[in-house]
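Mapping the first sequence onto our numbering, position 202 (from 1) lands on 207, and the numbers just tick up by one.
Even glycine gets a Cβ: it sits at the ideal position worked out from N, Cα and C.
Computed from a predicted structure; not experimentally measured.
Report on one structure; see the data block that follows.
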Amino acid sequence: MNGYAASSAGRPTSLSGVRIATWNVNSVKTRVPRLLPWLEDRQPEVVCLQETKLSDEAFTALLGEALAGLGYGFAHHGHGQWNGVAILSRLGLDDVERDFPGQPEFAGAAEARAISATCGGVRVHSLYVPNGREVGSDHFGYKLAWLDALAAVVGADAADVALCGDMNVAPTDADVFDPASFLGHTHVTAEERGRIAAFGLVDVVRERWPQERVFSYWDYRAGMFHQDLGMRIDLVLTSRGVADRVAAAWVDRQARKGSGPSDHAPVIVDLDAAPDGDIGPVVPPPSNPVRRGRGVRLPQSP
DNA sequence: ATGGTTGCGCTGCAA
Numbered sequence: 006m007n008g009y010a011a012s013s014a015g016r017p018t019s020l021s022g023v024r025i026a027t028w029n030v031n032s033v034k035t036r037v038p039r040l041l042p043w044l045e046d047r048q049p050e051v052v053c054l055q056e057t058k059l060s061d062e063a064f065t066a067l068l069g070e071a072l073a074g075l076g077y078g079f080a081h082h083g084h085g086q087w088n089g090v091a092i093l094s095r096l097g098l099d100d101v102e103r104d105f106p107g108q109p110e111f112a113g114a115a116e117a118r119a120i121s122a123t124c125g126g127v128r129v130h131s132l133y134v135p136n137g138r139e140v141g142s143d144h145f146g147y148k149l150a151w152l153d154a155l156a157a158v159v160g161a162d163a164a165d166v167a168l169c170g171d172m173n174v175a176p177t178d179a180d181v182f183d184p185a186s187f188l189g190h191t192h193v194t195a196e197e198r199g200r201i202a203a204f205g206l207v208d209v210v211r212e213r214w215p216q217e218r219v220f221s222y223w224d225y226r227a228g229m230f231h232q233d234l235g236m237r238i239d240l241v242l243t244s245r246g247v248a249d250r251v252a253a254a255w256v257d258r259q260a261r262k263g264s265g266p267s268d269h270a271p272v273i274v275d276l277d278a279a280p281d282g283d284i285g286p287v288v289p290p291p292s293n294p295v296r297r298g299r300g301v302r303l304p305q306s307p
């Protein structure tokens, strides 16, 4: 019983479509009982994970066999305890790169926050952007410098690209439950939002749902998820050509429910075949299963 | 209520 069975049977399969997902799992060791059933149900071809909180060796020992059994190759970059990112792929992983050129360190220490690989012809980055902690702090400066350095790398790469991960920035006021309450805090400042815009990429979930209330993160505390008081900080940012192939783009709220969830939900993006592929007749995109409206509201008392 | 919870790892810090 994995909690996804009711929705697992009907996923349309395409000979050439690609499903890419990104999920901050907040400790992959703790999240194994949620991650493996989710992979089996959602069947993504490419998965970007953040906050694995494991060393490379520990990740392989924990999940190597299970992922191979599900058909995934993977590349992980982690030092244990904090941070840690990975890419899982059923399409192969070419030219795997840990970190990126010019990636800043914090307090003299390299942090495992970025890994990239070419999967199915797209340069896929799994990113865990520094939190920033307090506006004006050393960590906030680190966050801005980190985003600047990443933008330089992306701008120099002409390939089809997808930046996937926990960006720790809500791109607009529509991406937080109460903009007024965030004034003066990280994740919503003009400096941070300017860095996200400077990538010059398409925020594919927002492009597909321009007016919807869509969040990807809800604090564990105070029943925030059940009141749908969240933020949209987990993003898939792609080059225009990739964005033009998006058939569906949504947040998998189901994965935030039930026992032992991460505080983040996965973001799932389905791409049609590349336009130069021999794909036969064009078919309409499947309906997008993102939840409309304000989300589930449960009784306030237990 | 200036709070709340979870994870890491063993003391408080990070988120």
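Per DSSP, which residues does residue i bridge with? Please list them.
| i | result |
| --- | --- |
| Val241 | Cys169 |
| Gly78 | Ser94 |
| Asn29 | Gln55 |
| Asp275 | Arg24 and Ala253 |
| Val4 | Within the shown structure, residues of the chain are numbered from 6 to 307, placing residue 4 beyond reach of any answer. |
| Glu102 | Ser121 |
| His84 | Ser60 |
| Asp180 | Asp180 is not bridged to any residue. |
| Phe220 | None, per the DSSP bridge assignment. |
| Asp208 | Leu242 |
| His269 | Tyr222 |
| Ala114 | Phe111 |
Identify, in the order they occur along the chain, each residue of the same chain with its Cβ nearer than 8 Å to the Cβ of residue i, setting aside the five sequence neighbours on each side.
| i | result |
| --- | --- |
| Ile284 | With a pLDDT of only 46 at Ile284, under the threshold of 50, the placement of this residue in the model should not be trusted; the figure read from the coordinates follows. Cβ within range, chain order: Leu20, Ser21, Asp277 and Ala278. |
| Thr65 | His81 |
| Leu67 | Val33, Lys34, Val37 and Leu59 |
| Tyr225 | Asp268 |
| Pro184 | Asp178 and Val193 |
Using only alpha-carbon positions, find the residue among the options that is nearest to residue i.
| i | options | result |
| --- | --- | --- |
| Gly89 | Gln55, Gly146, Ala26 and Phe145 | Gln55 |
| Pro38 | Ala63, Pro266, Val272 and Ala252 | Pro266 |
| Arg213 | Thr194, Arg250, Thr123 and Ala63 | Arg250 |
| Lys148 | Val158, Gly137, Thr57 and Ala203 | Gly137 |
| Leu155 | Met172, Ser142 and Gly141 | Met172 |
| Gly205 | Asp153, Gly228 and Ala185 | Asp153 |
| Phe79 | Ala157, Thr123 and Asp46 | Thr123 |
Check whether the Cβ atoms of residue i and residue j sit closer than 8 Å, and answer yes or no.
| i | j | result |
| --- | --- | --- |
| Asp239 | His192 | no |
| His82 | Phe111 | no |
| Tyr308 | Ser94 | What the structure shows of the chain is the stretch from 6 to 307, and residue 308 is not part of that stretch, so it cannot be assessed. |
| Val174 | Glu197 | yes |
| Val207 | Thr243 | yes |
| Thr57 | Val101 | no |
| Ser91 | Asp104 | Here residue 91 is Ala; the residue named in the question, Ser, does not match the sequence. Contact: no. |
| Tyr133 | Gly85 | no |
| Val127 | Val241 | no |
| Pro109 | Ala150 | yes |
Would residue i be called buried (16 or more neighbouring beta carbons within 10 Å of its own) or exposed?
| i | result |
| --- | --- |
| Ser131 | buried |
| Thr27 | buried |
| Val129 | buried |
| Trp87 | exposed |
| Arg261 | buried |
| Glu116 | buried |
| Ala253 | buried |
| Leu188 | exposed |
| Ser121 | buried |
| Asp165 | buried |
| Pro135 | buried |
| Ala167 | buried |
| Asp180 | buried |
| Met236 | buried |
| Arg211 | buried |
| Arg200 | buried |
| Arg245 | exposed |
| Asp99 | exposed |
Please go through the same chain and pick out, in chain order, the residues whose beta-carbon is closer than 6 Å to the beta-carbon of residue i, but skip the five residues on each side of it.
| i | result |
| --- | --- |
| Val23 | Glu50, Gly125 and Leu276 |
| Pro271 | Ala26, Trp28, Asp257 and Ala260 |
| Leu338 | As shown, the chain starts at 6 and ends at 307. That puts residue 338 outside it, with no answer to give. |
| Gly107 | Ala154 |
| Ile273 | Ala26, Trp255 and Asp257 |
| His190 | none |
Could you pull out every residue in the same chain whose Cβ sits closer than 7 Å to the Cβ of residue i, ignoring the five residues on either side in sequence?
| i | result |
| --- | --- |
| Met229 | Trp223 and Gly235 |
| Pro294 | Because Pro294 sits at a pLDDT of 44, beneath the cut-off of 50, its placement in the model cannot be relied upon, and the point is left open. |
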